[in-house]
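A short worksheet on the structure shown next.
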Amino acid sequence: MTDTLIDRRDLAFQLYEVLDTEALAERERFNEHSRDTFDAVIETADRMARDKFATHNSAADKDEPKFVNGAVEMLPEVKEAFDAYSEAGFIAGRYDYDLGGMQLPESVMAACNGFFTAANAGTAGYAFLTTAAANLIRVFGNDKQQATFLPHMLSGRFSGTMALTEPHAGSSLADIRTSATPTEEGHYLIKGAKIYISGGEQSITENIVHMVLAKIKGAPAGVKGISLFIVPKFLVNEEGNPTERNGVNLAGLIHKLGYRGTTSTALSFGDDAPCHGYLVGEPHQGLKYMFQMMNEARVGVGFGAAVIGYRGYMHSLEYAKDRLQGRKPSEKNPEAPQVPIIEHADVRRMLLAQKAYSEGGLALCLYGARLMDDQHTHPDEQKRLEAGKLLDLLTPVIKAWPSEYGPKANDLAIQVYGGAGYTREYPAEQCWRDNRLNPIHEGTNGIQALDLLGRKIWQDQSHGLQLLMQQMQIDLEAATSDRCQQWALSLSETLQQAVKVTQSLGKSLMSENPDKVLANASCYLHLFGHIIVSWMWLRQANAAEKALASANSDEEQNFYQGKLQAAQYFFHWELPTVAQDLVLLRNQDDTCLNMKAEWF
Numbered sequence: 000m001t002d003t004l005i006d007r008r009d010l011a012f013q014l015y016e017v018l019d020t021e022a023l024a025e026r027e028r029f030n031e032h033s034r035d036t037f038d039a040v041i042e043t044a045d046r047m048a049r050d051k052f053a054t055h056n057s058a059a060d061k062d063e064p065k066f067v068n069g070a071v072e073m074l075p076e077v078k079e080a081f082d083a084y085s086e087a088g089f090i091a092g093r094y095d096y097d098l099g100g101m102q103l104p105e106s107v108m109a110a111c112n113g114f115f116t117a118a119n120a121g122t123a124g125y126a127f128l129t130t131a132a133a134n135l136i137r138v139f140g141n142d143k144q145q146a147t148f149l150p151h152m153l154s155g156r157f158s159g160t161m162a163l164t165e166p167h168a169g170s171s172l173a174d175i176r177t178s179a180t181p182t183e184e185g186h187y188l189i190k191g192a193k194i195y196i197s198g199g200e201q202s203i204t205e206n207i208v209h210m211v212l213a214k215i216k217g218a219p220a221g222v223k224g225i226s227l228f229i230v231p232k233f234l235v236n237e238e239g240n241p242t243e244r245n246g247v248n249l250a251g252l253i254h255k256l257g258y259r260g261t262t263s264t265a266l267s268f269g270d271d272a273p274c275h276g277y278l279v280g281e282p283h284q285g286l287k288y289m290f291q292m293m294n295e296a297r298v299g300v301g302f303g304a305a306v307i308g309y310r311g312y313m314h315s316l317e318y319a320k321d322r323l324q325g326r327k328p329s330e331k332n333p334e335a336p337q338v339p340i341i342e343h344a345d346v347r348r349m350l351l352a353q354k355a356y357s358e359g360g361l362a363l364c365l366y367g368a369r370l371m372d373d374q375h376t377h378p379d380e381q382k383r384l385e386a387g388k389l390l391d392l393l394t395p396v397i398k399a400w401p402s403e404y405g406p407k408a409n410d411l412a413i414q415v416y417g418g419a420g421y422t423r424e425y426p427a428e429q430c431w432r433d434n435r436l437n438p439i440h441e442g443t444n445g446i447q448a449l450d451l452l453g454r455k456i457w458q459d460q461s462h463g464l465q466l467l468m469q470q471m472q473i474d475l476e477a478a479t480s481d482r483c484q485q486w487a488l489s490l491s492e493t494l495q496q497a498v499k500v501t502q503s504l505g506k507s508l509m510s511e512n513p514d515k516v517l518a519n520a521s522c523y524l525h526l527f528g529h530i531i532v533s534w535m536w537l538r539q540a541n542a543a544e545k546a547l548a549s550a551n552s553d554e555e556q557n558f559y560q561g562k563l564q565a566a567q568y569f570f571h572w573e574l575p576t577v578a579q580d581l582v583l584l585r586n587q588d589d590t591c592l593n594m595k596a597e598w599f
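When we follow numbering that gives the first Met the number 0, the leftmost residue of the sequence shown carries the number 0, and every step to the right adds one.
Laid out in structure tokens, this is it:
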């Protein structure tokens with residue numbers, strides 16, 4: 000069984016031939032790095048992911064955490080892997096040297112974390128959440144909060160979570176009821192309940208730092224009244240060492256289809272003892288602050304979906320090369336040797352789809368990581384601003400498209416295995432179960448669709464959309480070979496139709512009831528997402544076509560030809576599917592809107 004998590008040749012192609020990640024070493028922040036150091040840390044991540052994370056992936060899935068006497072019991076290998084990750088510096092990898100970090104680009108850190116998530120999504124989740132929570136404190140916390148919590152989170156001594164969802168409210172954060180009452184000592188008393196809190200309780204770190212949304216008594220109604228609080232599991236002293244238990248308790252573990260290694264918890268705040276919380280930033284600005292962590296998490300969810308899809312693809316590809324079954328239709332001799340199932344056209348179809356989804360999703364997510372690098376480190380201030388606007392526009396797509404098509408890749412992987420894919424003897428079924436969470440995680444894909452069509456497209460007079468089209472035009476013009484020109488023409492024609500539909504929907508949103516337009520937001524997300532991933536495949540095809548002429552080995556020739564064939568698959572099989580979306584959006588189809596609850 001293959002131990003390949005992500006094809007390193009593909010990753011190098013994406014990072015260096017498409018994104019020119021090596022050029023980041025010329026920037027001041029990364030000038031102590033080079034391609035050699037980038038490759039070294041990626042090699043470390045790949046090896047550690049296979050040696051420390053993949054080895055207990057199946058065991059953690061079968062023997063999920065248990066709630067015993069008010070505490071969580073879990074496999075010791077989870078803590079061993081988390082500690083190894085922390086000690087290698089990956090939690091602090093993107094942070095400043097003076098914080099114990101390595102000042103690595105987001106592009107490189109995203110690639111590294113891809114190996115850990117592909118190897119074991121459950122265990123990798125604890126580190127992922129800790130990094131995001133620490134970044135929230137780094138940006139918005141005061142000096143004391145940073146000094147108290149940040150060093151211990153970046154070292155892996157403390158972990159972090161985000162506590163948003165409440166049982167009655169779900170994704171509707173405007174309706175949260177968790178309250179915060181100020182005290183004379185400067186802290187707040189938190190009272191309420193949260194649910195589906197990943198990593199909300201575990202036995203791998205000394206403390207857990209919850210980033211909690213709550214409303215201060217007397218706050219404005221809705222999202223404008225939400226504040227953000229640091230709520231540690233244990234209170235800490237001046238040196239940052241845990242002392243007595245804070246009033247946040249595990250109310251129960253939630254048992255899931257996948258991602259079983261990451262605890263999903265129901266937490267109660269202030270029920271049995273006072274629960275101390277520490278206000279982050281200004282009152283009533285909590286949702287704005289939390290959106291940094293949520294958007295970071297959304298990009299991470301998309302990346303996770305892409306690489307779990309990728310791992311399933313790697314497994315099914317190996318199986319298809321080894322599994323002998325049947326003969327080609329042209330072979331009439333029933334006694335002829337059986338052929339590997341990869342020789343059957345329909346199996347190749349399923350493998351091509353997986354390749355297109357997985358490598359296309361990876362390209363999209365790495366592009367998003369590169370936008371983060373440009374947003375924070377590009378020497379030109381205007382380019383930094385533009386990168387931020389592009390990232391903001393694309394975040395719903397980066398989250399939603401891979402989390403829609405990563406599980407589809409895993410579904411196809413199961414199909415390639417046939418009956419074996421349905422068994423626990425092979426890894427494809429767990430990949431699918433783990434990945435099925437991602438369309439829901441960090442805002443369902445339906446919410447991402449509403450965010451894209453209802454808000455992101457129109458922000459700043461659609462400046463982000465204009466920047467996107469300018470960037471796409473560069474790659475459309477760079478398509479100079481016959482094949483790439485043909486694909487560029489298909490993309491350009493689809494883009495023109497999408498622009499017209501977008502303009503029409505914009506007018507309707509301004510003049511009519513938005514319910515009718517937004518009822519088909521999922522169609523718009525599919526249209527927009529497929530256009531963006533087609534663009535990602537055109538970028539890869541342009542690079543592959545350019546490199547093919549000088550490829551001096553059969554292995555390299557095969558690699559680039561594979562890229563071009565996958566691009567052909569996407570342009571011939573996937574991009575045309577948006578025709579239905581265009582029709583439904585153009586007509587503002589009312590089928591779903593006008594269906595009544597009583598008619599079901």
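Glycine included, C-beta positions come from ideal geometry on N, C-alpha and C. In this text, all values refer to a predicted model and were calculated from it rather than measured experimentally.
At the level of alpha carbons, what is the spacing between residue i and residue j?
i      : j      : result
Cys364 : Ile397 : 6 Å
Ala497 : Asp62  : 48 Å
Lys388 : Phe290 : 15 Å
Tyr277 : Asp95  : 25 Å
Gly299 : Ile5   : 16 Å
Ile413 : Leu537 : 28 Å
His186 : Asp271 : 18 Å
Ala250 : Asn68  : 11 Å
Arg93  : Asn141 : 20 Å
Arg601 : Tyr288 : The question about residue 601 has no answer, for the chain in this structure spans 0 to 599.
Asp433 : Ala448 : 22 Å
Gly224 : Ile215 : 7 Å
Glu342 : Lys327 : 7 Å
Tyr195 : Thr180 : 24 Å
Ala565 : Ala355 : 6 Å
Trp457 : Gly121 : 37 Å
Gln539 : Gln13  : 8 Å
Met292 : Ala213 : 16 Å
Arg585 : Ser171 : 29 Å
Gln469 : Gly453 : 22 Å
Gly280 : Phe148 : 15 Å
Thr43  : Gly113 : 12 Å
Leu490 : Pro575 : 10 Å
His275 : Pro150 : 21 Å
Tyr568 : Val77  : 39 Å
Over the uninterrupted beta strand (DSSP E) stretch that includes residue i, give me the two end residues.
i      : result
Phe233 : 233 to 235
Gly159 : 157 to 162
Val116 : For clarity, residue 116 is Thr in the given sequence; the question names Val instead. Counting along the chain, Thr116 falls outside any beta strand (DSSP E), though it belongs to the alpha helix (DSSP H) covering 105 to 118.
Within the 9 Å Cβ cut-off, does residue i reach chain B?
i      : result
Leu452 : Any reference to chain B falls outside this structure, which holds one protein chain only.
Check the DSSP bridge columns for residue i and list the partner residues they point to.
i      : result
His275 : Leu188
Met210 : Met161, Ile229
Leu266 : Lys193, Leu249
Ile215 : Ala179
Glu72  : Lys65
Pro241 : Val235
Pro339 : Leu323
In its own chain, which residues sit with a C-beta less than 7 Å from the C-beta of residue i, not counting the 5 before and 5 after it?
i      : result
Asn593 : none
Asn236 : Thr242
Pro378 : Arg26
Tyr416 : Ser315, Tyr318, Tyr425, Ala427
In the DSSP assignment, find the unbroken alpha helix (DSSP H) run with residue i in it and report its ends.
i      : result
Pro75  : 75 to 86
Lys398 : 380 to 416
Thr43  : 34 to 47
Asp459 : 458 to 476
Tyr356 : 344 to 376
Trp431 : 427 to 434
Met152 : 142 to 153
Glu334 : Run containing Glu334: none; DSSP gives neither H nor E here.
Identify, in the order they occur along the chain, each residue of the same chain with its Cβ nearer than 6 Å to the Cβ of residue i, setting aside the five sequence neighbours on each side.
i      : result
Glu51  : Correcting the residue type first, residue 51 is Lys in the shown sequence and not Glu. Once the five neighbours on either side are set aside, the close Cβ partners of Lys51 are Ala80, Ala83.
Ile340 : Ala319, Arg322, Gln324, Val346
Looking only at its chain, what residues have a beta carbon closer than 8 Å to the beta carbon of residue i, apart from the 5 residues adjacent to it on each side?
i      : result
Thr262 : Pro64, Val71, Met73, Ser197, Gly198, Gly199, Glu200, Gln201, Leu252
Asn526 : At residue 526 the sequence reads Leu, which differs from the Asn that was named. Excluding sequence neighbours, Leu526 sits near Ala497, Val500, Val577, Asp580, Leu581, Leu584.
Asp2   : Arg49, Ala53
Can you list the alpha helix (DSSP H) stretches of 4 or more residues lying completely in the segment 499 to 533, in chain order? Runs of the alpha helix (DSSP H) inside the segment 499 to 533: 513 to 517.
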